[in-house]
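**Student:** Chains as they are written, first to last, in the numbering used here: chain A, 1 to 548; chain B, 549 to 745; chain C, 746 to 944. Note that the Cβ used here is the ideal one computed from N, Cα and C, for glycine as well. From a predicted model like this one, the values you see are computed outputs, not experimental measurements.
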Amino acid sequence: MSEEPSFYQTPSSNRLKGIWAWLLTTDHKRIGIMYLLVIMLWFSIGIVLGILIRTNLMFVNPKLMEAQTYNALFTLHGVIMIFLFIIPAIPSIFGNFLLPIQIGADDVFFPKLNLLSWYLYIAGGILAIVSLFLKGIPDTGWTFYVPFSINTQTGVTLSVFAVFILGISSMITGLNFITTIHRMRKDDMGWMQLPLFTWSIYATSWVQLLATPIVGVTLLVVIFERLFGVGLFDPSKGGDPLLYQHLFWMYSHPAVYIMILPAMGIISEIFPVFARKSIFGYKAIVASSMAIAIVGSLVWAHHMFVSGMSDVAVLVFSLLTFLVAIPSAIKVFNWVSTLYKGSIYVAPPLLFALCFVFLFCVGGFTGLIQGAAGPNVHIHDTHFIVGHFHFVMFGGTGFAFLAGLHFWWPKFFGRMYNFKAAYTGTILLTVGFIMHYMPMFILGLKGMPRRYYTYLPELQPMNFFAGIGAYIMVGGLVVVLINLLASFRRKESVPADPWGGTTLEWYVPSPPPLKNFVHEPVVNSYPYDFPKKFHEMKSSGNSANKGV
Amino acid sequence: MGNAVKYVDDAFIYIIVFSLFLLVVITATMVYFVIKYRASKHPEPSDIRTNWKIELIWTVIPTIIALGMFYIGWQSYIGLRTVPPDAIEIDVTGMQYAWVFRYPNNKESESVLIVPQGKPIKLNITSLDVLHSLFIPAFRIKMDAIKNMKTYTWFYADKIGNYTIFCTEYCGVGHADMTGMLRIVTESEYSEWLNKK
Amino acid sequence: MSEHHVDNTGSKFGMWLFLYSELMLFGGLFVLYAAYYYQYTTFFISGGKQLDLFLGTMNTVILLLSSFTVACSIEAMRKNSKKLVLLLLGLTVFFGILFLCNKYIEWNHKFQHGIYPGSAYMEQSAKGLVIFFGLYFTMTGLHALHLLIGLIVIGVCFFLCWSDRINAKDFITLDNSGLYWHLIDVIWIFLFPLFYLIL
Chain A
1 MSEEPSFYQT
11 PSSNRLKGIW
21 AWLLTTDHKR
31 IGIMYLLVIM
41 LWFSIGIVLG
51 ILIRTNLMFV
61 NPKLMEAQTY
71 NALFTLHGVI
81 MIFLFIIPAI
91 PSIFGNFLLP
101 IQIGADDVFF
111 PKLNLLSWYL
121 YIAGGILAIV
131 SLFLKGIPDT
141 GWTFYVPFSI
151 NTQTGVTLSV
161 FAVFILGISS
171 MITGLNFITT
181 IHRMRKDDMG
191 WMQLPLFTWS
201 IYATSWVQLL
211 ATPIVGVTLL
221 VVIFERLFGV
231 GLFDPSKGGD
241 PLLYQHLFWM
251 YSHPAVYIMI
261 LPAMGIISEI
271 FPVFARKSIF
281 GYKAIVASSM
291 AIAIVGSLVW
301 AHHMFVSGMS
311 DVAVLVFSLL
321 TFLVAIPSAI
331 KVFNWVSTLY
341 KGSIYVAPPL
351 LFALCFVFLF
361 CVGGFTGLIQ
371 GAAGPNVHIH
381 DTHFIVGHFH
391 FVMFGGTGFA
401 FLAGLHFWWP
411 KFFGRMYNFK
421 AAYTGTILLT
431 VGFIMHYMPM
441 FILGLKGMPR
451 RYYTYLPELQ
461 PMNFFAGIGA
471 YIMVGGLVVV
481 LINLLASFRR
491 KESVPADPWG
501 GTTLEWYVPS
511 PPPLKNFVHE
521 PVVNSYPYDF
531 PKKFHEMKSS
541 GNSANKGV
Chain B
549 MGNAVKYVDD
559 AFIYIIVFSL
569 FLLVVITATM
579 VYFVIKYRAS
589 KHPEPSDIRT
599 NWKIELIWTV
609 IPTIIALGMF
619 YIGWQSYIGL
629 RTVPPDAIEI
639 DVTGMQYAWV
649 FRYPNNKESE
659 SVLIVPQGKP
669 IKLNITSLDV
679 LHSLFIPAFR
689 IKMDAIKNMK
699 TYTWFYADKI
709 GNYTIFCTEY
719 CGVGHADMTG
729 MLRIVTESEY
739 SEWLNKK
Chain C
746 MSEHHVDNTG
756 SKFGMWLFLY
766 SELMLFGGLF
776 VLYAAYYYQY
786 TTFFISGGKQ
796 LDLFLGTMNT
806 VILLLSSFTV
816 ACSIEAMRKN
826 SKKLVLLLLG
836 LTVFFGILFL
846 CNKYIEWNHK
856 FQHGIYPGSA
866 YMEQSAKGLV
876 IFFGLYFTMT
886 GLHALHLLIG
896 LIVIGVCFFL
906 CWSDRINAKD
916 FITLDNSGLY
926 WHLIDVIWIF
936 LFPLFYLIL
């Protein structure tokens, strides 16, 4: 590789100096890093709130907080983790940084719009903070269900508006990626040469683009309702709260796929690299991504089986819910089969990915229980649901996020982290995770509702146990994150391709130069051609670095 | 008559058993592959890219399993929705933060629901203010309470005893305290209570 | 890796994606309309009769004309006649302002009759009417907001054309702004019969 300076040394425009080289940059890589910074900040806040909640629940008669405080905390935890962490995390960080490189482009199609997205994200975050201090912390839960969200005195208007702004940011990012993938691929890169991560971002972007406006307008109506009392969702004026729920979930269920699809994309990249073998069933994985995006947009009302909607609707949505499980299952089978007859090296990213598969499967299977109409009635709005979506969102998306962070960290920063600490952290995190969330299934089956600051005394031991798990889990997370940060203290730099990957980002220096590519990239006719990769590595005489 | 609970539990068991089995198979296969094909023992990877027969098999079989789960889940749901004709109808009103029950002779009780043993009970549910949800875990029933709307649920009061009632739709600061008690008593005890001033 | 790519097809593609998302935004409200129309049909009919059909029709004509002038301005730009472009864009802005004036008169009239969300009069009205007017104000209000943004966009285009930063060689900004203006028109074409012409 040549000595070209990395994008850290080259601002996107020569006029930009110092901090402005970051704040006014149009370089997709810098914007990705800026997202990483802010998103990790929000993630940390979300974790602190979460651990406060669980500490409170470790004892039946909590001394830690009042009901109102508890309600505010779970609302904040939900809003932050969903709108400020999970939804933007993978598309905005990894999508921004890697998608243009994976398709052989020098930037996204609308670089300025990309920067605007970041500012809207920041604005949304600031608004969310401001809303806390003006009229009291919102206490509606992240779902903002009417009529409670219309009646409550706390600062819901502003926080709903913050979510609206964050929605626009997410939508613009989606628009940008779709255009980029359509218009800026290398000429010889057809759709079947796209890396699977790019494919998953593509499917996600469509959902972001088309579903976000629906929740946008729904939240606008909630704001109008609070400001002017238009009555559209207020039952005392003739409005129908069920319609709010329909419109809300019409976005917010697809939003679950905005969260999980890119995660699946990351896992689909990691498995082949560390099995040193082509992904099994490339086309099946692509097709299942698109199927999830499409069918996933048609299952929203499975959040509403006990909401008073008609039994026919329950029938239809229960059936569709079981159908959307199939493409996810296909992906899992394909990942596991990728390992078959591979030559497997369990580096930290793969360890995360393996844990992901297990945890995601638990989340998926418990999802089936909820999709079944009869059992759903019992477990709806209990701790079972809390367990389920944390398995999918944290065990799924969160673990994939960490896997991706470990996978592409050397690419982002040109530094490798310590492997031993990464393994220790991962195992602590996974063990703590299971100890923390598994008991919630049992608590839910025993009838412990969610959003309760207290519970029946006989459930105390299990809640206490779950709390211990939470502390172990957070401990593991701290180890993992500090280990990543410690990599900056290392002096040795990382080669362009520390793992032996086949997609284009492994053919550019770590970190990449401003225009991404030193040489014109060569597109493989098959994106996961490992025999060819081995041949290349043998002829150039360097083998994949196995780290430290 | 008390089969609704049993059907729901059967559906639970059916889905959980299938899921556990698949989970164990998937995880065990994954771990087995990781150990068997570790780089130190298996340095040369094969180049297998796809196999449409296997893809087809693992698309069709999960679909069949999923449809089976859907069917059994739906059957149990029907049990929860089909009210026997001889059910005693009780009106339930949720409000911030209490449940009020009104019996056929217009007697009202707050937070305590008293019903006679051996009878199906139909609950007609509504709300005075925000959303609530009536949840009696022992009978696997739950239904939202919505202002200006009527919803219903039912259960068969088969065993004498006390059972907890929860509110499971978040409704504000007193949400966690909006609990109640279902008391199933003997028929005579019930009518004595009902006709007492 | 071209140094500076000019890809007008791509810009237009992006614009179309944006228009889809706008359609979904209003789509959410149309879903609400459909559901409430089904529930309160008779009130919707009597509510519709209270709206000013004359002003509504005027506004429809005005918007159609403005869409026509925008389309013509793009054609004029293609033929490189700057004066005509400026005239046509000026006309578009004029029509847009006219539309908003009419809207103001219409809303003001309603307000004077006590018909606005949360008014004492509405509190006493039937629920179906409250919902009808709630939808009316929400949907036409959101549409008017879009039109206001459209006006700013067309206004900016006007100055860019004036200073030759939009010219016959590079007028994708004007093209895309025109698309946005048409979208505003199309949405009105749906709103008009839904509120003014229900039988």
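So for Leu16(A), helix, strand or coil by DSSP?
**Tutor:** Taking the first sequence and counting its residues from 1, one reaches residue 16(A) at position 16. Coil, per DSSP.
**Student:** Are there 16 or more other CB atoms within 10 angstroms of the CB of Leu243(A), so buried, or fewer, so exposed?
**Tutor:** As a position in the first sequence, residue 243(A) is number 243, starting the count at 1. The residue is buried, with at least 16 neighbouring Cβ atoms inside 10 Å.
**Student:** Can you find at least 3 beta carbon pairs, one from the stretch 854-866 of chain C and one from the stretch 877-889 of chain C, that sit closer than 8 Å?
**Tutor:** Yes, they touch.
**Student:** Spatial neighbours of Met448(A) within its chain, please: CB distance less than 7 Å, with the 5 preceding and 5 following residues excluded, ordered by chain position.
**Tutor:** As a working mapping, residue 448(A) is identified with position 448 in the first sequence. Same-chain partners within the cutoff: Thr382, His383, Tyr455 and Leu459.
**Student:** Considering only their Cβ atoms, is the gap separating Lys331(A) from Met259(A) smaller than 8 Å?
**Tutor:** By one-based count along the first sequence, residue 259(A) stands at place 259. By one-based count along the first sequence, residue 331(A) stands at place 331. Not in contact: Met259(A) and Lys331(A) (Cβ atoms no closer than 8 Å).
**Student:** Is there at least one Cβ from chain C nearer than 8 Å to Val221(A)'s Cβ?
**Tutor:** As a working mapping, residue 221(A) is identified with position 221 in the first sequence. So, interface residue.
**Student:** Name the chain A residues that come within less than 9 Å of Gly627(B), Cβ to Cβ?
**Tutor:** Taking the first residue of the second sequence as 1, we reach residue 627(B) at position 79. Result: Gly374.
**Student:** At least one CB of chain A closer than 8 Å to the CB of Val931(C): is that the case?
**Tutor:** Stepping through the third sequence from its first residue, residue 931(C) is reached at position 186. For Val931(C), the answer is no, since every Cβ of chain A falls outside 8 Å of its Cβ.
**Student:** Could you pull out every residue in the same chain whose Cβ sits closer than 6 Å to the Cβ of Met746(C), ignoring the five residues on either side in sequence?
**Tutor:** Mapped onto the third sequence, residue 746(C) falls at position 1. Because Met746(C) sits at a pLDDT of 36, beneath the cut-off of 50, its placement in the model cannot be relied upon, and the following sentence gives the value as read from the coordinates. Excluding residues within five positions, none has a Cβ falling inside 6 Å.
**Student:** Quick check on the burial criterion: 16 or more other C-beta atoms within 10 angstroms. Buried or exposed for Gly501(A)?
**Tutor:** Taking the first residue of the first sequence as 1, we reach residue 501(A) at position 501. Buried, by the Cβ-count rule.
**Student:** Which runs of the alpha helix (DSSP H) at least 4 residues long sit entirely within the stretch 106-160 of chain A? Give them in chain order.
**Tutor:** For the stretch 106-160 of chain A, whole alpha helix (DSSP H) runs of length 4 or above, ordered along the chain, are 111-135 and 148-151.
**Student:** If I follow the unbroken beta strand (DSSP E) through Tyr704(B), where does it start and stop?
**Tutor:** Here residue 704(B) corresponds to residue number 156 of the second sequence, with the count starting at 1. Where Tyr704(B) is concerned, the enclosing beta strand (DSSP E) stretches over Thr699 to Ala705.
**Student:** Here's a check: name, in chain order, each residue in its chain whose Cβ is nearer than 6 Å to the Cβ of Ala400(A), leaving out the five neighbours to either side.
**Tutor:** Counting from 1 along the first sequence, the entry for residue 400(A) is found at position 400. Closer than 6 Å at Cβ, skipping near neighbours: Ala263, Ile266, Ile267 and Phe356.
**Student:** Please check if any C-beta of chain A sits within less than 8 Å of the C-beta of Asp797(C).
**Tutor:** Your numbering for residue 797(C) matches position 52 in the third sequence. By this cut-off, Asp797(C) is not an interface position.
**Student:** Closest to Val222(A) by C-alpha separation, out of Ala128(A), Leu247(A), Ala211(A) and Leu209(A), would be which residue?
**Tutor:** Here residue 222(A) refers to the residue found at position 222 when the first sequence is read from its first residue. Of Ala128(A), Leu247(A), Ala211(A) and Leu209(A), the residue nearest in Cα terms is Leu247(A).
**Student:** Assign Val572(B) to buried or exposed, taking buried as 16 or more other Cβ atoms, counted over all protein chains shown, within 10 Å of its Cβ.
**Tutor:** Taking the second sequence and counting its residues from 1, the one referred to as residue 572(B) is at position 24. So Val572(B) ends up on the exposed side.
**Student:** Flag Arg15(A) as yes if its beta-carbon sits less than 8 Å from any beta-carbon of chain C, otherwise no.
**Tutor:** Position 15 of the first sequence holds residue 15(A). No, its Cβ sits nowhere closer than 8 Å to a Cβ of chain C.
**Student:** Between which two residues does the beta strand (DSSP E) holding Glu656(B) run?
**Tutor:** Within the second sequence, residue 656(B) is the residue found at index 108, counting from 1. Its beta strand (DSSP E) spans residues Glu656 to Glu658.
**Student:** Listing by chain order, which chain B residues have their CB less than 8 Å from the CB of Val306(A)?
**Tutor:** Indexing the first sequence from 1 puts residue 306(A) at position 306. The answer, in chain order, is Ser681, Lys690, Met691 and Asp692.
**Student:** Would you mind telling me which residues of chain A sit closer than 7 Å to Leu762(C), beta carbon to beta carbon, in chain order?
**Tutor:** Taking the third sequence and counting its residues from 1, the one referred to as residue 762(C) is at position 17. Those are Leu175, Ile178, Thr179 and Leu209, listed as they occur along chain A.
**Student:** What first and last residue would you give for the beta strand (DSSP E) that runs through His680(B)?
**Tutor:** The sequence position of residue 680(B) within the second sequence is 132, counting from 1. Segment His680 to Ile684, the beta strand (DSSP E) holding His680(B).
**Student:** Taking only beta-carbon positions, decide if Phe164(A) is within less than 8 Å of chain C.
**Tutor:** Locating residue 164(A) in the first sequence gives position 164, counting from the first residue. False, the Cβ-Cβ gap to chain C never drops below 8 Å.
**Student:** Mind checking Phe714(B): buried by the 16 CB within 10 Å criterion, or exposed?
**Tutor:** As a first step, residue 714(B) is located in the second sequence; it is residue number 166 there, counting from the start. With 16 or more Cβ atoms within 10 Å of its Cβ, Phe714(B) is classed as buried.
**Student:** So, are the CB atoms of Phe916(C) and Val838(C) less than 8 Å apart?
**Tutor:** Position 171 of the third sequence, counting from 1, holds the residue named residue 916(C). Position 93 of the third sequence, counting from 1, holds the residue named residue 838(C). Contact: no.
**Student:** Look up Glu637(B) in the DSSP assignment and give the residues it is bridged to.
**Tutor:** Numbered from its first residue, the second sequence carries residue 637(B) at position 89. For Glu637(B), which the question treats as bridged, DSSP gives the partners Lys670(B).
**Student:** At what residues does the beta strand (DSSP E) containing Cys906(C) begin and finish?
**Tutor:** For the purposes of this step, residue 906(C) is identified with residue 161 of the third sequence, where counting begins at 1. Segment Lys872 to Trp907 is the alpha helix (DSSP H) holding Cys906(C); no beta strand (DSSP E) there.
**Student:** Spatial neighbours of Asp187(A) within its chain, please: CB distance less than 6 Å, with the 5 preceding and 5 following residues excluded, ordered by chain position.
**Tutor:** In the first sequence, counting from the first residue as 1, residue 187(A) sits at position 187. Nothing meets the Cβ criterion.
**Student:** Whether or not the stretch 314-334 of chain A and the stretch 283-290 of chain A are in contact is what I'm after, with contact meaning three or more pairs of Cβ atoms, one per stretch, closer than 8 Å; do they touch?
**Tutor:** As far as the Cβ criterion goes, the stretch 283-290 of chain A touches the stretch 314-334 of chain A, which means the pair count is three or higher.
**Student:** Taking DSSP as the reference, what is the three-state secondary structure of Cys846(C)?
**Tutor:** Against the third sequence, residue 846(C) aligns to sequence position 101. Note: Cys846(C) maps to helix in three-state DSSP.
**Student:** Measure the alpha-carbon distance for Ser2(A) versus Val494(A) and round it to whole angstroms.
**Tutor:** Stepping through the first sequence from its first residue, residue 2(A) is reached at position 2. Stepping through the first sequence from its first residue, residue 494(A) is reached at position 494. Since pLDDT at Ser2(A) reaches only 48, below the 50 mark, its modelled position is unreliable, and no value is offered.
**Student:** Label Asn921(C) either buried or exposed according to how many other C-beta atoms from any shown protein chain fall within 10 Å of its C-beta, with 16 as the threshold for buried.
**Tutor:** The residue you call residue 921(C) lines up with position 176 of the third sequence. Buried, since its Cβ has 16 or more Cβ neighbours within 10 Å.
**Student:** Determine the burial state of Ala821(C): buried for a count of at least 16 other Cβ atoms within 10 Å of its Cβ, exposed for fewer.
**Tutor:** Within the third sequence, the letter at position 76 stands for residue 821(C). Looking at its Cβ environment, which holds 16 or more other Cβ atoms inside 10 Å, Ala821(C) is buried.
**Student:** Which whole runs of the alpha helix (DSSP H) in the stretch 309-391 of chain A are 4 residues long or more, in chain order?
**Tutor:** Correct list: 311-339, 348-371, 373-379 and 383-390.
**Student:** Counting only the same chain and skipping the five closest in sequence on each side, list residues whose C-beta sits under 6 Å from that of Thr157(A).
**Tutor:** Counting from 1 along the first sequence, the entry for residue 157(A) is found at position 157. Counting only Cβ-Cβ distances below 6 Å, and skipping sequence neighbours, we find Ile223 and Arg226.
**Student:** Quick check: the Cα distance between Met184(A) and Ser766(C), rounded to an integer number of angstroms?
**Tutor:** Within the first sequence, residue 184(A) is the residue found at index 184, counting from 1. Within the third sequence, residue 766(C) is the residue found at index 21, counting from 1. Their Cα atoms are separated by approximately 22 Å.
**Student:** Please say whether Ala72(A) and Pro138(A) have beta carbons closer to each other than 8 Å?
**Tutor:** For this step, residue 138(A) is matched to residue 138 along the first sequence. For this step, residue 72(A) is matched to residue 72 along the first sequence. Their beta carbons are under 8 Å apart, which means Pro138(A) touches Ala72(A) by this criterion.
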